[in-house]
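Novice: First the structure, which I've put down as structure tokens, then a few questions once you've had a look.
There are 2 protein chains.
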Amino acid sequence: MERRSFLNKATVGATAGAIVGAPAIVRAQPAIRWRLASSFPKSLDTLFGTVEHVVQRVGQITGGKFQISVHAAGEIVPPLQVLDAAQAGTIELAHTALYYFFGKEPSWSLACAIPFGLNCRQYNSWWHYGGGGKLFNEFANKAAGVQAFLCGNTGAQMGGFFRKEINTVEDLKGLKFRIAGMAGQMLAKLGVVPQQLPAGDIYSSLEKGAIDAAEWTVPYDDEKLGLHKVAKYYYYPGFWEGGPALHVIGSQKALATLPPEYRAALEVACEEGNALMMAKYDFLNPPALKKMIGAGAVLKAFPRPVMEAAYKAAQEVYAETSAKSADFKKLSDHYFAYQRELVPWFRVNENTFDDFMATIRR
Amino acid sequence: MERRSFLNKATVGATAGAIVGAPAIVRAQPAIRWRLASSFPKSLDTLFGTVEHVVQRVGQITGGKFQISVHAAGEIVPPLQVLDAAQAGTIELAHTALYYFFGKEPSWSLACAIPFGLNCRQYNSWWHYGGGGKLFNEFANKAAGVQAFLCGNTGAQMGGFFRKEINTVEDLKGLKFRIAGMAGQMLAKLGVVPQQLPAGDIYSSLEKGAIDAAEWTVPYDDEKLGLHKVAKYYYYPGFWEGGPALHVIGSQKALATLPPEYRAALEVACEEGNALMMAKYDFLNPPALKKMIGAGAVLKAFPRPVMEAAYKAAQEVYAETSAKSADFKKLSDHYFAYQRELVPWFRVNENTFDDFMATIRR
């Protein structure tokens, strides 16, 4: 912006605050270009769109000096290699769902989602004030020389599309279900045979019966895959993803070179992205759900005994994982202790209010 | 930050992104000082602390050029005159709960909280994506020449402290209850006698029985007033405040003078404040609630018939208010239409997940 035109405007709006010190103090900030590689394709426009917004904001508030280019999955590195690339310094920033790196070390999952974990609001509180973000970043720094900035949440996900109804725990036996990571481990204890399939193969596998069920995300993204056309039972809730968080991951080496203003710009823009992604999914999901139901999807709740059996299986997975990984034990003990404090408080006020609003006759 | 030291660091961390263009392009941004007057005292440290954080962020990301001083209630103007002061140009920014201005025009309430309204997450979605923020700001601009930036939420509030139990709708008859605005109008239809009292007078009025009950906010703030010592029944949920939103209010005249970078800095910092206030209250409330229960508070849920009667009364208030104010009708029609879309979606996934987590035997 040209200084002269600003002064003119300010003179007109004479009530609008003192302008201190003319001539202006000149500040010289370096122009920096960084690259961000996402695990997501552009077609997941809410996930991907969030980081597009973040880098746009960073550009705006640094007067175009700190420019970050955003690259979709596969443009620089394959989707699941973004963490390695940030660690190696090939890119400065990655954007991902950290449970993708469960195979490297189960602790990565905790920053994204674990079965029967925190919901979106509870997660935000754990991360920012409960000490979760600090504790997780000690691990991330030690394990991969990176730091995670919270940057989005999908809210509780759906349980996925099933070719037949799930009425009892028995119905899970032998079920070929496209589901991964810790959720797959949990359900395997109940007889599920977890399947790993890329998004592009799910529809055809479900259609020809090579798999019995598949979970993806929330209605807005689910609807695009069209799975309700080949597996009509649409289950809820996705109890293995009660509030999956997304992150922007910075290489510590790169972050150390940032002027404090740019570091602050990145932090504040990520937090805005965090808030806006959730708000956007809440806006997009209701019409997408209606559209699928209109096209024949049958909405079903998992029976409580199924969820209870899964809850028990999840506790076994956590105990086994904690026995193998001291990092997971440390992080999950902290996470569950916070959850035990927070859930009873939500039960009092939030859940009571929400349940009333959901059941009142309008 | 000294440019020389930055260059040294960047040279050491050679993987850390290209530094484009040496010597640095110099940018000359004006130094600006603004004043923000809050409706809240410093003692409400979560509410007040949020704007302290916001202005700190704005300072950081503008390299100290855009400085906003924060003034507690009464320092520049009395707490309920901050909107007038922004309109008059005495201050550039106000910080408030907009339902305080219900008496000027009932539409102001809609941006903060109305009985049986949206919860925190639903509100964020309505404001940012559902068109609520845009629509409300058309009203705010027309009515007072100001624009509101969303900047915080307390979550569903508590129902307050009662000297005796509320078991039936009959028990509300003649109840002298410290409650204001539209919530007071609603409860008056059920026989409540709404009382307006400043915070400092509530304790003594309850103690001597001049009033029968008083509502304030959430456990963290409630505990400080000590009302549980003189009215032990602590009711939930505060169904008239399911997710009260706070705002920073900018004078349009002042905002028009801001360089685009500073405008973006203010916007992004307010959104960070919005996310962080909710996360902080969720962190602070559980121990405060425990403390009050330990000190004798008796937690009670409002009976469903009481909430149903209040819901019906609220609909009457909305119809009457819409008949009197075209602005309220336009805004509330939009708000309720959005609520009707969103609440059934929350019922499916979020509420089911939350209710399971609240009731599973650990």
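Sequence order for the protein chains is A and B.
Under this note's numbering, think of the first position of the first sequence as 8, with each following residue one higher.
Under this note's numbering, think of the first position of the second sequence as 8, with each following residue one higher.
In this text, a Cβ means the ideal position worked out from N, Cα and C, and glycines have one as well.
Quick one, which residues of the region 260-274 of chain B are near chain A if we go by CB-CB under 7 Å, in chain order?
Specialist: Per Cβ criterion, the list reads K260, A261, A263, T264, P266, P267, E268, A271 and A272.
Novice: Which of the three DSSP states, helix, strand or coil, is assigned to B:F168?
Specialist: Stepping through the second sequence from its first residue, residue 168 of chain B is reached at position 161. Here B:F168 sits in strand by DSSP.
Novice: State the Cα-Cα distance for the pair B:A302 and B:H235, rounded to the nearest angstrom.
Specialist: As a working note, residue 302 of chain B is residue 295 in the second sequence. As a working note, residue 235 of chain B is residue 228 in the second sequence. So the alpha carbons of these two residues sit roughly 8 Å apart.
Novice: If you follow the beta strand (DSSP E) that A:T103 is part of, which residue opens it and which one closes it?
Specialist: On the first sequence, position 96 is the one that residue 103 of chain A refers to. L100 to T103 is the extent of the beta strand (DSSP E) around A:T103.
Novice: Counting only C-beta atoms, is A:M7 closer than 8 Å to chain B at any point?
Specialist: Outside the displayed range of chain A (8 to 369) lies residue 7 of chain A, so it cannot be described from this structure.
Novice: Where does the unbroken alpha helix (DSSP H) through A:I68 begin, and where does it stop?
Specialist: The sequence position of residue 68 of chain A within the first sequence is 61, counting from 1. Element bounds for A:I68: D52 to I68.
Novice: Shorter than 8 Å from the beta carbon of B:S132 to some beta carbon of chain A?
Specialist: On the second sequence, position 125 is the one that residue 132 of chain B refers to. So yes, B:S132 belongs to the interface.
Novice: Taking C-alpha atoms, which residue in A:I173, A:A271, A:K111 and A:S329 lies nearest to B:Q63?
Specialist: The residue given as residue 63 of chain B occupies position 56 in the second sequence. If we check each option's Cα against that of B:Q63, A:A271 comes out closest.
Novice: Please name the residues in the region 53-84 of chain A whose beta-carbon is closer than 7 Å to at least one beta-carbon of chain B, in chain order.
Specialist: Cβ contacts with chain B: R64, Q67, I68 and G70.
Novice: How many angstroms separate the CA atom of B:I83 from the CA atom of B:G188?
Specialist: Counted from its first residue, the second sequence places residue 83 of chain B at position 76. Counted from its first residue, the second sequence places residue 188 of chain B at position 181. Distance between the alpha carbons of B:I83 and B:G188 is about 25 Å.
Novice: List the endpoints of the continuous alpha helix (DSSP H) containing B:H341.
Specialist: As a working note, residue 341 of chain B is residue 334 in the second sequence. Unbroken alpha helix (DSSP H) run through B:H341: A333 to V355.
Novice: Excluding the 5 residues preceding and the 5 following B:A202 in the sequence, name in chain order all residues of the same chain whose CB lies nearer than 7 Å to its CB.
Specialist: As a working mapping, residue 202 of chain B is identified with position 195 in the second sequence. Note on identity: in this sequence residue 202 of chain B is Gln, with Ala being the wrong assignment. Same-chain partners within the cutoff: K183, F184, R185 and I218.
Novice: Give the DSSP bridge partners of A:S258, in chain order.
Specialist: By one-based count along the first sequence, residue 258 of chain A stands at place 251. BP columns for A:S258 point to A:V153.
Novice: Among B:T224, B:A221, B:V176 and B:S211, whose alpha-carbon lies nearest the alpha-carbon of B:F309?
Specialist: As a working mapping, residue 309 of chain B is identified with position 302 in the second sequence. Measuring from the Cα of B:F309, the nearest candidate turns out to be B:V176.
Novice: 8 Å is my cut-off, CB to CB: does B:W223 come that close to chain A?
Specialist: By one-based count along the second sequence, residue 223 of chain B stands at place 216. It does not; no Cβ of chain A falls within 8 Å.
Novice: Measure from the C-beta of A:I218 to each C-beta in chain B and report whether the shortest distance is under 8 Å.
Specialist: Translated into positions along the first sequence, residue 218 of chain A becomes position 211. A:I218 does not count as touching chain B.
Novice: Just checking: is the beta-carbon of A:N174 within a distance shorter than 8 Å of some beta-carbon in chain B?
Specialist: The residue you call residue 174 of chain A lines up with position 167 of the first sequence. Not an interface residue.
Novice: To the nearest angstrom, report how far apart B:L90 and A:F360 are at their CA atoms.
Specialist: If you number the second sequence from 1, residue 90 of chain B lands on position 83. If you number the first sequence from 1, residue 360 of chain A lands on position 353. Distance between the alpha carbons of B:L90 and A:F360: 30 Å.
Novice: Name the chain B residues that come within less than 8 Å of A:P129, Cβ to Cβ?
Specialist: Taking the first residue of the first sequence as position 1, residue 129 of chain A is located at position 122. Contrary to the premise, residue 129 of chain A reads as Gln rather than Pro in this sequence. Those within 8 Å of A:Q129 in chain B are D289.
Novice: Beta-carbon separation of B:P122 and B:F290 under 8 Å?
Specialist: Counted from its first residue, the second sequence places residue 122 of chain B at position 115. Counted from its first residue, the second sequence places residue 290 of chain B at position 283. No, the Cβ-Cβ distance between B:P122 and B:F290 is not below 8 Å.
Novice: Look at the alpha carbon of A:G191 and the alpha carbon of A:A276, and state the distance between them as a whole number of angstroms.
Specialist: On the first sequence, position 184 is the one that residue 191 of chain A refers to. On the first sequence, position 269 is the one that residue 276 of chain A refers to. So the alpha carbons of these two residues sit roughly 34 Å apart.
Novice: With a CB to CB cut of under 6 Å and the five nearest residues on each side skipped, what residues in its chain are close to B:G249?
Specialist: Along the second sequence, read from residue 1 onward, the residue named residue 249 of chain B stands at position 242. Same-chain partners within the cutoff: G124, N126 and A163.
Novice: Taking the Cβ atom as the reference point for each residue, do B:Y227 and B:F168 lie within a distance shorter than 8 Å?
Specialist: Counting from 1 along the second sequence, the entry for residue 227 of chain B is found at position 220. Counting from 1 along the second sequence, the entry for residue 168 of chain B is found at position 161. No, Cβ-Cβ distance for B:Y227 and B:F168 is not below 8 Å.
Novice: Cβ closer than 7 Å: which chain A residues qualify as neighbours of B:Y318?
Specialist: Along the second sequence, one-based indexing puts residue 318 of chain B at 311. Residues of chain A passing the Cβ test: I367.
Novice: Taking the beta carbon of A:V61 as the centre, do at least 16 other beta carbons fall within 10 Å, making it buried, or is it exposed?
Specialist: Indexing the first sequence from 1 puts residue 61 of chain A at position 54. Classification of A:V61: buried, given that the 10 Å Cβ count is 16 or more.
Novice: To the nearest angstrom, how far is it from the Cα of B:Y242 to the Cα of A:H135?
Specialist: Counting from one through the second sequence, the residue named residue 242 of chain B turns up at place 235. Counting from one through the first sequence, the residue named residue 135 of chain A turns up at place 128. Distance between the alpha carbons of B:Y242 and A:H135: 29 Å.
Novice: Give me the chain B residues within the contact set of A:Y243, using Cβ-Cβ distance strictly less than 7 Å, ordered along the chain.
Specialist: Translated into positions along the first sequence, residue 243 of chain A becomes position 236. The contacting residues are V355, N356 and T359.
Novice: Tell me where the beta strand (DSSP E) around B:S211 begins and ends.
Specialist: Here residue 211 of chain B refers to the residue found at position 204 when the second sequence is read from its first residue. From DSSP, B:S211 is part of no beta strand (DSSP E) but of the alpha helix (DSSP H) over A206 to E214.
Novice: Spell out whether any CB of chain A is found under 8 Å from the CB atom of B:G28.
Specialist: Residue 28 of chain B sits at position 21 when you count from the first residue of the second sequence. Its pLDDT being 37, under 50, B:G28 is placed unreliably in this model, and the coordinates cannot settle the point.
Novice: Going by beta-carbon coordinates alone, are B:N281 and B:L157 separated by less than 8 Å?
Specialist: Residue 281 of chain B sits at position 274 when you count from the first residue of the second sequence. Residue 157 of chain B sits at position 150 when you count from the first residue of the second sequence. Result yes, Cβ atoms of B:N281 and B:L157 sit closer than 8 Å.
Novice: Check whether the Cβ atoms of A:E230 and A:A286 lie closer than 8 Å to each other.
Specialist: As a first step, residue 230 of chain A is located in the first sequence; it is residue number 223 there, counting from the start. As a first step, residue 286 of chain A is located in the first sequence; it is residue number 279 there, counting from the start. Their beta carbons are not under 8 Å apart, which means A:E230 does not touch A:A286 by this criterion.
Novice: Please classify B:M364: does DSSP put it in a helix, a strand, or coil?
Specialist: Start at 1 with the first residue of the second sequence, and residue 364 of chain B comes out as number 357. In this structure, B:M364 counts as helix in the three-state DSSP scheme.
Novice: Taking one C-beta from the region 251-260 of chain B and one from the region 197-216 of chain B each time, how about it: are there three or more such pairs within less than 8 Å?
Specialist: As far as the Cβ criterion goes, the region 251-260 of chain B does not touch the region 197-216 of chain B, which means the pair count is below three.
Novice: Report the residue from A:R170, A:V313, A:F109 and A:A155 whose alpha carbon sits nearest the alpha carbon of A:A304.
Specialist: The residue labelled residue 304 of chain A in the question sits at position 297 within the first sequence. Residue A:R170 is the option with its Cα nearest to A:A304.
Novice: Could you confirm whether any beta carbon from chain B is found closer than 8 Å to the beta carbon of A:N126?
Specialist: As a working note, residue 126 of chain A is residue 119 in the first sequence. Interface residue, yes.
Novice: Have a look at B:A151 and B:F108 and give me their C-alpha separation to the nearest angstrom.
Specialist: Locating residue 151 of chain B in the second sequence gives position 144, counting from the first residue. Locating residue 108 of chain B in the second sequence gives position 101, counting from the first residue. One C-alpha to the other measures close to 11 Å.
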